[in-house]
Amino acid sequence: MSGTRPRRSHAQVRRSAWPGWIWAVPIAAFAMAGWLGFRALMHRGETVTVTFDNAYGMKPQDTIVTLRGVKVGDVSDITLAPDGQHVQAELKIDRAEKKYLRRETKFYLRGAHVDLSDPASLKGMLSGPEIVMEPGPGEPVSRFDGVDRRPALAPGHGPIVTYLVRFDGAVGELKNGAVVQLRGFDVGTVTSVRLNYDARTGALSTPVQIALNPSQLGIVGAPAPANGDWRPLVDSMLTRLVATGLRARLSQDPPVVGADKIDLDFVAGAPVATLASEDGLPVIPSVAPANLDTTMAKANEVIQKIDDLPIRQTGEQVRSIAAHINALSSSPQIKDSLTHIDRSVAQIDRTLQQVSPQIGPLVAQLHETANAADRTVAAANRTLGGDASSQNDLPAALRELTDTARSIRALADYLDRHPEALVRGRQQEAQ
1235 MSGTRPRRSH AQVRRSAWPG WIWAVPIAAF AMAGWLGFRA LMHRGETVTV
1285 TFDNAYGMKP QDTIVTLRGV KVGDVSDITL APDGQHVQAE LKIDRAEKKY
1335 LRRETKFYLR GAHVDLSDPA SLKGMLSGPE IVMEPGPGEP VSRFDGVDRR
1385 PALAPGHGPI VTYLVRFDGA VGELKNGAVV QLRGFDVGTV TSVRLNYDAR
1435 TGALSTPVQI ALNPSQLGIV GAPAPANGDW RPLVDSMLTR LVATGLRARL
1485 SQDPPVVGAD KIDLDFVAGA PVATLASEDG LPVIPSVAPA NLDTTMAKAN
1535 EVIQKIDDLP IRQTGEQVRS IAAHINALSS SPQIKDSLTH IDRSVAQIDR
1585 TLQQVSPQIG PLVAQLHETA NAADRTVAAA NRTLGGDASS QNDLPAALRE
1635 LTDTARSIRA LADYLDRHPE ALVRGRQQEA Q
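Residue numbering for the sequence shown follows my numbering, starting at 1235 and increasing by one per position.
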């Protein structure tokens, strides 16, 4: 047996730097979960609360929030406010738009009411409203007061000047954000509407605070104030305008069914007034809104002016002459022409009885009456055949009918050239 010992073999173990593919699956799962969590955190958005007077059809997870036409959030919840008089809409705004959530940012509902100046509101009336965000300056906040229509003054509009308008009667549905117009131009917005009871006099009134935008007032001939204070310049402007009849009045656009607004315009015959002061604010004098009685009075005035035109009198004159001719002649041709005259005059009477007579048909009917009168005269002349000695009164009546036909044509031509005469009455020509 040999004394040589056998050599021992040694196994070499090499440790891998990667712990094993078995760990790849849970690591990938953790990475995916982390990424999804990060995305959820980034897209969770900012929560803000906007208070409205009414829900106006808003629905959670359905009503969207837009900024310049782009969706930036939606309504997550709608609850009744603690005062029971308002609703609170909780909005989820994309985190990327957080920088716009500042004190002067405005939220308004598009589609709560029909706004003819905003065609998109018509779509909102059918498909449901949307909340529009208009960014403004200021410090970051999370609670806002919203309005149910687009504000007349957008955030960042520049300096404003505040005034007070006091109405003695009801103000209807006038709300914060309602438009203030000067001769049809948007110059401001309503910022406050409240009820006021004077315990000393027992009188109720409604003070309305408005904000006017000097840049929209069209002030020329005076430099812009260097210190940015427009109050003296706008006060001076309104003082002069109020002295010449400028008044504030409630109105609707379109009339009767439109949104309430405040019109600043001149009122004929307004009593002398000044730009007074109350609670530190200048007060613009107001007048009562036009009511149904005023509208009816204006309608009656128009009707009276129509009555003043010699249309009815001319028709009666034609009837009188026709009756006289009918009594003098038994000719079937003449009687047939007289029947046409009577029908034409009756049609004129029916037209004049309309609330708003149409000038075109009226002029046509006047011409038809004149033509019928001419046909009557022609038929009578053919019947007489030049021998009218036995009917001395008939030729005179025919001449009178001819003159009347000429007058009817002159009146028809005048109305054709001056259709406004139906409203204003025939004006005296300048001497």
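We treat Cβ as the ideally placed atom computed from N, Cα and C, and that holds for glycine.
What is the DSSP secondary structure of L1325, reduced to helix, strand or coil? Within the sequence shown, residue 1325 is the residue found at index 91, counting from 1. Strand, per DSSP.
Determine the extent of the alpha helix (DSSP H) in which L1509 is found, giving its start and end residues. Translated into positions along the sequence shown, residue 1509 becomes position 275. First-last for L1509: undefined, no H or E at that position.
Cα-Cα, which of E1338, H1347 and I1394 is closest to M1367? In the sequence shown, counting from the first residue as 1, residue 1367 sits at position 133. For M1367, the nearest C-alpha among the options comes from E1338.
Determine the DSSP secondary structure at K1333, reduced to helix, strand or coil. As a first step, residue 1333 is located in the sequence shown; it is residue number 99 there, counting from the start. Three-state result, K1333: helix.
Looking at the secondary structure, which residues open and close the beta strand (DSSP E) in which V1399 lies? One-based indexing of the sequence shown puts residue 1399 at position 165. Its beta strand (DSSP E) spans residues V1395 to F1401.
C-beta contact flag for A1315 and Q1322 at 8 Å: As a working mapping, residue 1315 is identified with position 81 in the sequence shown. As a working mapping, residue 1322 is identified with position 88 in the sequence shown. The answer is yes: Cβ separation under 8 Å.
Sequence-distant residues of its chain with Cβ nearer than 7 Å to D1379 (five each side left out): For the purposes of this step, residue 1379 is identified with residue 145 of the sequence shown, where counting begins at 1. Correct list, in chain order: T1285.
Whole angstroms is fine: what's the gap from L1467's alpha carbon to V1399's? Counted from its first residue, the sequence shown places residue 1467 at position 233. Counted from its first residue, the sequence shown places residue 1399 at position 165. Rounded to whole angstroms, L1467 to V1399 spans 19 Å at the Cα level.
Are there 16 or more other CB atoms within 10 angstroms of the CB of K1495, so buried, or fewer, so exposed? As a working note, residue 1495 is residue 261 in the sequence shown. Label assigned to K1495: buried.
Mind checking K1305: buried by the 16 CB within 10 Å criterion, or exposed? Translated into the one-based positions of the sequence shown, residue 1305 becomes position 71. It counts as exposed.
Quick one: using the 10 Å Cβ neighbour count with 16 as the cut-off for buried, is Y1397 buried or exposed? The residue labelled residue 1397 in the question sits at position 163 within the sequence shown. Counting Cβ neighbours within 10 Å, Y1397 comes out buried, since at least 16 surround it.
Length of the line joining the Cα atoms of I1453 and T1425: Position 219 of the sequence shown, counted from the first residue, corresponds to residue 1453. Position 191 of the sequence shown, counted from the first residue, corresponds to residue 1425. So the two alpha carbons sit approximately 23 Å from each other.
What is the DSSP secondary structure of P1591, reduced to helix, strand or coil? Residue mapping note: residue 1591 aligns to position 357 of the sequence shown, counting from 1. Unreliable placement is indicated for P1591, whose pLDDT of 49 sits below 50; no coordinate value is reported for it.
Residue range of the beta strand (DSSP E) that D1463 falls in? To locate residue 1463, count along the sequence shown from 1; it is residue 229. That residue, D1463, is in no beta strand (DSSP E); it is neither H nor E in DSSP.
How far does the beta strand (DSSP E) with G1422 in it extend, from its first residue to its last? Locating residue 1422 in the sequence shown gives position 188, counting from the first residue. Here the beta strand (DSSP E) through G1422 covers F1419 to V1427.
Tell me which same chain residues have a C-beta within less than 7 Å of the C-beta of V1501, skipping the five on either side of it? If you number the sequence shown from 1, residue 1501 lands on position 267. Excluding positions up to five away in sequence, the list reads G1479, R1481 and V1521.
By alpha-carbon positions, which one of G1503, W1464 and L1408 ends up nearest to Q1486? Position 252 of the sequence shown, counted from the start, is the residue given in the question as residue 1486. Selected option, being the one with the closest Cα: L1408.
Backbone CA spacing between A1263 and R1377 [nearest angstrom]: Residue 1263 sits at position 29 when you count from the first residue of the sequence shown. Residue 1377 sits at position 143 when you count from the first residue of the sequence shown. Spanning the two alpha carbons is a distance of roughly 39 Å.
Please name the residue or residues paired with Y1342 in a DSSP beta bridge. Start at 1 with the first residue of the sequence shown, and residue 1342 comes out as number 108. Answer by DSSP bridge pairing, in chain order: V1366 and V1381.
In the structure shown, what three-state DSSP assignment does D1287 receive? As a first step, residue 1287 must be located in the sequence shown, where it is residue number 53. Coil at D1287, not helix or strand.
Going by beta carbon distance, what residues of the same chain come within less than 6 Å of G1291, once the five residues before and after it are set aside? As a working mapping, residue 1291 is identified with position 57 in the sequence shown. These residues qualify, in order along the chain: G1362 and P1363.
If you check the beta carbons only, do V1476 and A1507 fall under 8 Å apart? The residue given as residue 1476 occupies position 242 in the sequence shown. The residue given as residue 1507 occupies position 273 in the sequence shown. Cβ atoms of V1476 and A1507: closer than 8 Å.
Where does the unbroken beta strand (DSSP E) through P1441 begin, and where does it stop? Start at 1 with the first residue of the sequence shown, and residue 1441 comes out as number 207. Start and end: A1437 to L1446.
Which value, in whole angstroms, describes the spacing of the CA atoms of V1282 and Y1342? Counting from one through the sequence shown, the residue named residue 1282 turns up at place 48. Counting from one through the sequence shown, the residue named residue 1342 turns up at place 108. Using only the alpha carbons, I get a separation of about 14 Å.
Going by DSSP, which residues form a beta bridge with V1282? Walking along the sequence shown from the start, residue 1282 turns up at place 48. The partner list for V1282 (beta bridge, DSSP) reads L1325.
E1373 beta carbon less than 8 Å from that of R1336: Locating residue 1336 in the sequence shown gives position 102, counting from the first residue. Locating residue 1373 in the sequence shown gives position 139, counting from the first residue. In contact: R1336 and E1373 (Cβ atoms closer than 8 Å).
Measuring alpha carbon to alpha carbon, tell me which of T1297, S1470, P1441 and Q1443 ends up nearest G1455. By one-based count along the sequence shown, residue 1455 stands at place 221. Checked all of T1297, S1470, P1441 and Q1443; the closest Cα to G1455 is S1470.
Is S1520 helix, strand or coil by DSSP? Translated into the one-based positions of the sequence shown, residue 1520 becomes position 286. Strand.
Quick one: Cα of L1526 to Cα of L1484, how far? For the purposes of this step, residue 1526 is taken as residue 292 along the sequence shown, with counting starting at 1. For the purposes of this step, residue 1484 is taken as residue 250 along the sequence shown, with counting starting at 1. Its pLDDT being 45, under 50, L1526 is placed unreliably in this model, and the value from its coordinates should be taken loosely. Their backbone Cα atoms lie some 14 Å apart in a straight line.
Which word fits R1417, buried or exposed, when buried means at least 16 other C-beta atoms lie within 10 angstroms of its C-beta? Taking the sequence shown and counting its residues from 1, one reaches residue 1417 at position 183. Its Cβ having fewer than 16 others within 10 Å, R1417 is exposed.
Candidates G1279, P1393 and D1382: which alpha carbon is nearest N1447's? Along the sequence shown, one-based indexing puts residue 1447 at 213. N1447 has its Cα closest to that of P1393, out of G1279, P1393 and D1382.
When we look at the beta-carbon of I1365 and count the other beta-carbons within 10 Å, is it buried (16 or more) or exposed? Locating residue 1365 in the sequence shown gives position 131, where the first residue counts as 1. Looking at its Cβ environment, which holds 16 or more other Cβ atoms inside 10 Å, I1365 is buried.
Taking L1509 as the reference, which of T1473, D1499 and G1503 has the closest Cα? Start at 1 with the first residue of the sequence shown, and residue 1509 comes out as number 275. Taking only the C-alpha atoms, the option nearest L1509 is T1473.
DSSP on G1268, reduced to helix/strand/coil? Counting from one through the sequence shown, the residue named residue 1268 turns up at place 34. G1268 falls in the helix class under three-state DSSP.
Taking 6 Å as the limit between beta carbons, can you name the residues of its chain near L1451, skipping five residues before and five after? Within the sequence shown, residue 1451 is the residue found at index 217, counting from 1. Once the five neighbours on either side are set aside, the close Cβ partners of L1451 are V1421.
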